[in-house]
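Structure first, commentary second.
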Amino acid sequence: MGQLKILTIDDDPDILDVLELTLSDHFVVFQGSNGEEGLKLARAHAPDLIITDYKMPVMDGREFCKALKKDVFLQHTPVIMLTGKGEVKDKVSGLEAGADDYLVKPFEPNELLARINMILRRTKRSLDANPLTRLLGNNSIMDELQYRIQSGKPFAVGYADLDKFKAYNDIYGFEKGDEVIKKTAHILIQAVQKKGTPDTFVGHIGGDDFVYVCDDAIADDIAQEIVDQFNAIVVSLYTEEDRRRGYIIARNRQNEEAKFGFLSISIGIVSNLNQPIRHVAQVAEIGAELKRYAKGIEGSSFVRDKRKGS
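Here the sequence shown is numbered in the numbering used here, starting from 1 and rising by one per residue.
As structure tokens, this is what we get:
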């Protein structure tokens, strides 16, 4: 399994030792003694799988699972819950809180490894998340759009992407480019947490293309928050020399040297408020058109489709 990471959480040092011995030859192992500590470790190390005890001080396994599932970047991390022998209520409660599997203590090391490998294979097949940002990808985006269309309620879709990103990538390299993508993902998440509602959806189409889906009434507020947050950090993405100069020099699509201003973000908002949206392809088509229009505006901006349709 290479360098896959597993987080183990238990208040019993002996259990942690057994887990360390069982797993360390196959995985990178991080360990915590309660759910609160485990949550901090999960956010710091983004493990591929978590093994947690049910009964722990400070924060038990159930509360840990509930907190994990509320975290956009960690909610799809598979969890194996450890329970005491015959504690059926704990098993049920753990599964209801979001655990993917459970194992009764004391456990056989070989059985634990088999369970882990099975869950990791299953997760790899089913998890539709971008490996860089951990935001849900195209399959989940399509499902969300289809659900919104079928609901018949007013909704809006914000299509966001970066302007002048290719030039930035060419000059600063893919590693810095990936950092920008991750920062942009965080900005969308923060904007949705600040201005959105619990059912607001955020997805990563790929590259520097993102999407959010929400109630129509809050779509513009989210877009403005994204624009404001992006503008607040964009200068920090450049070297001191480029900041003073105010631009970078890179090759354009005609392979000619040209000046490129700083990165900006463009958002096109598609809504079913003024015209019926009947299929997902219609959303994507209008969104692409709006983004092109937004890109024609200097700096970060968002535009909304206000045309009325039948």
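Glycine included, C-beta positions come from ideal geometry on N, C-alpha and C.
Because the structure is a prediction, the values reported are computed rather than measured.
- Beta-bridge analysis with DSSP links Ala129 to Leu136.
- Met81 sits in a strand when the DSSP states are folded into three classes.
- Partner residues in the beta bridge of Arg304, as assigned by DSSP, are Ile269.
- Excluding residues up to 5 positions away in sequence, Leu132 and Thr133 lie with their Cβ nearer than 8 Å to the Cβ of Lys182 in the same chain.
- DSSP places Ala167 in the helix class (H, G or I) of the three-state scheme.
- Relative to Ser301, the option among Ile222, Asp14 and Asp242 whose CA is nearest is Ile222.
- Looking only at Tyr54, Ala46, Pro47 and Leu49, the smallest Cα-Cα distance to Ser33 is reached by Tyr54.
- Phe260 places its beta carbon less than 8 Å from that of Ala167.
- Take the alpha-carbon of Phe165 and the one of Gly268: they are about 17 Å apart.
- Taken in chain order, the unbroken stretches of alpha helix (DSSP H) that lie wholly in the stretch 169–220 and span 4 residues or more are 174–195.
- CA-to-CA, the gap between Asp220 and Leu290 works out to about 14 Å.
- If the five residues before and after Phe201 are omitted, its C-beta is found closer than 6 Å to the C-beta atoms of Glu144 and Val213, all from its own chain and listed in chain order.
- For Gln3, same chain residues with a beta-carbon under 7 Å away, outside a window of 5 residues either side, are Val28 in chain order.
- Secondary structure at Lys40: helix, using DSSP grouped into helix, strand and coil.
- For Gly32, the uninterrupted beta strand (DSSP E) segment begins and ends at Val28 to Gly32.
- In the three-state reduction of the DSSP assignment, Ala294 falls in the helix class.
- Between Ile149 and Ile286, the gap from beta carbon to beta carbon reaches 8 Å or more.
- By the Cβ criterion, the stretch 184–193 is not in contact with the stretch 41–58, since fewer than three pairs of Cβ atoms, one from each stretch, lie closer than 8 Å.
- Beta-bridge annotation (DSSP): Asp101 is paired with Ile80.
- For Asp163, the closest C-alpha among the options Lys153, Met118, Ala156 and Val227 is that of Val227.
- Under DSSP, Lys259 takes part in a beta bridge, and its partners are Ile249.
- Listed in chain order, the non-local C-beta contacts of Arg115 below 7 Å within the same chain comprise Ile80, Asp101 and Leu103, local neighbours out to five positions each way being set aside.
- With 16 or more other CB atoms across the displayed protein chains lying within 10 angstroms of its CB, Thr184 is buried.
- Taking C-beta separations shorter than 8 Å and ignoring five residues to either side along the sequence, the partners of Val192 in its chain run Thr200, Val202, Tyr212, Cys214 and Ile222, following chain order.
- One alpha carbon belongs to Leu23, the other to Ala42, and they sit about 17 Å apart.
- Boundaries of the beta strand (DSSP E) around Lys5: Lys5 to Ile9.
- Distance from the CA of Gly158 to the CA of Gln254, rounded to the nearest whole angstrom, comes to 30 Å.
- Linking Leu273 to Glu37 through their CA atoms gives a straight-line distance of about 45 Å.
- Taking Arg307 as the centre and dropping the five residues before and after it, the same chain places the C-beta of Asn274 and Gln275 closer than 8 Å to its C-beta, in chain order.
- From the listed residues Leu263, Gln224 and Gly206, the smallest Cα separation to Ile233 is found for Leu263.
- Restricting attention to Gly173, Ile218, Asp11 and Leu74, the CA atom closest to the CA of Thr197 is found in Ile218.
- For Leu21, the enclosing alpha helix (DSSP H) has its first and last residue at Pro13 to Leu23.
- Gly35 and Phe64 do touch by the CB rule: their CB atoms are close to 3 Å apart, below 8 Å.
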